[in-house]
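The block underneath contains the structure these notes are about, expressed in structure tokens.
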Amino acid sequence: MTVTTGTLRLGTRASRLAHTQSQTVADAITAASGVAVELVHISTEGDRSAAAIAQLGGTGVFVTAIRRALLEGTVDVAVHSYKDLPTAPEPGLVLAAVPPREDPRDALVARDGLTLGELPAGARVGTGAPRRVAQLRALGLGLEVVPIRGNVDTRMARVVPGDLDAVVLARAGLARLGRLDAVTETLDPLQVLPAPAQGALAVECRADDERTRELLAALDDAAARACVLAERTTLAALEAGCSAPVAAYAELAEGDDGPELYLRASVTALDGSDGVRDSASGPVADPERLGRALAAELLDRGAAELVAASR
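Here our numbering is used: the first residue of the sequence shown is 131, the next is one more, and so on.
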């Protein structure tokens, strides 16, 4: 790519994880184009409040302020954890890149090196995600699932010598922070299916900023974008947000006619008493069609009632 001059301003939350993710993108931009990138810290509603995400309105609490800064021209690029984004597109902005995705599975950090199946009945397990709450309860292990907030370090500190026996976190965040040594088990998606777009980053810029769009195009990973688009289309078709107990996970698989997308999704009652789960496969070139088709199957089996009950 031709070297372009002029520093780009990249908007990010100030948390350690957000800063690390944004710095990774900044470094990739510079490596691909030679353009310097300056990180600009922006405080969001989700950062300022200790309330549960659902109480704050769910989807968008970590992205609205950053998107506003982008639209106002305060910054040129925004980096988000993709799963935090509302499913509806933001007028005036474009998703310019989905970089290669980290492992999207959930991870257990437990006392004494225990796995999920080794935790005793009554063990206190912390998580901030309704999806994880619902799926952990559905396993029928007799765990006490405790709602928690805070950054990765704050959550992990509650295990030893804290008040929890374990916490469940996104493995991707621990990988980016260099904390995989704390993981006592990476959870199989057959037990706990990940959130749509978990482990993926979303890099946005203004739709009319052709220079920045060209710079960011070099960061885009076609496979990651296809998988995430299938998952997020399922979420949108279910009319659910990031705080709903909806899970979706797409992978590239080898089909009879070449590579295809294999998509799994589920909706689980918050108390774990009920749930629907299904899978489908389809062409890599049409992830949205696959996502809509799987959502339709889930809706036919009662997913809408489960989503509505979680609100």
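For every residue, glycine included, the Cβ atom is placed at its ideal position computed from N, Cα and C.
Item	Value
Residue environment, glycine 272, which counts as buried when at least 16 other CB atoms sit within 10 Å	exposed
Buried/exposed call for glutamate 340, threshold 16 Cβ in 10 Å	exposed
At least 3 beta-carbon pairs within less than 8 Å: the stretch 350-363 vs the stretch 284-293	no
Cβ pair glycine 141, alanine 227 closer than 7 Å	no
Serine 396 (DSSP reduced to helix, strand or coil)	strand
DSSP state of leucine 223 mapped onto helix, strand, coil	strand
Every unbroken beta strand (DSSP E) within the stretch 390-434, with a cutoff of 3 residues, ordered by chain	405-413
Residue from Glu361, Leu365, Ala330 and Ser403 with nearest C-alpha to aspartate 351	Ala330
C-beta contact flag for alanine 305 and glutamate 232 at 7 Å	yes
DSSP-derived helix/strand/coil call for glycine 270	coil
Three-state secondary structure (DSSP) of glycine 388	strand
Inter-stretch contact (C-beta, 8 Å, three-pair minimum) for the stretch 420-440 and the stretch 356-375	yes
Range of the contiguous beta strand (DSSP E) that encloses valine 167	167-171
Per DSSP, cross-strand counterpart(s) of cysteine 357	Partner(s): none; cysteine 357 has no beta bridge.
7 Å Cβ shell around arginine 343 - same chain, five flanking residues per side excluded	Val224, Ala226 and Cys335
Reduced DSSP secondary structure (H/G/I, E/B, other) of valine 207	strand
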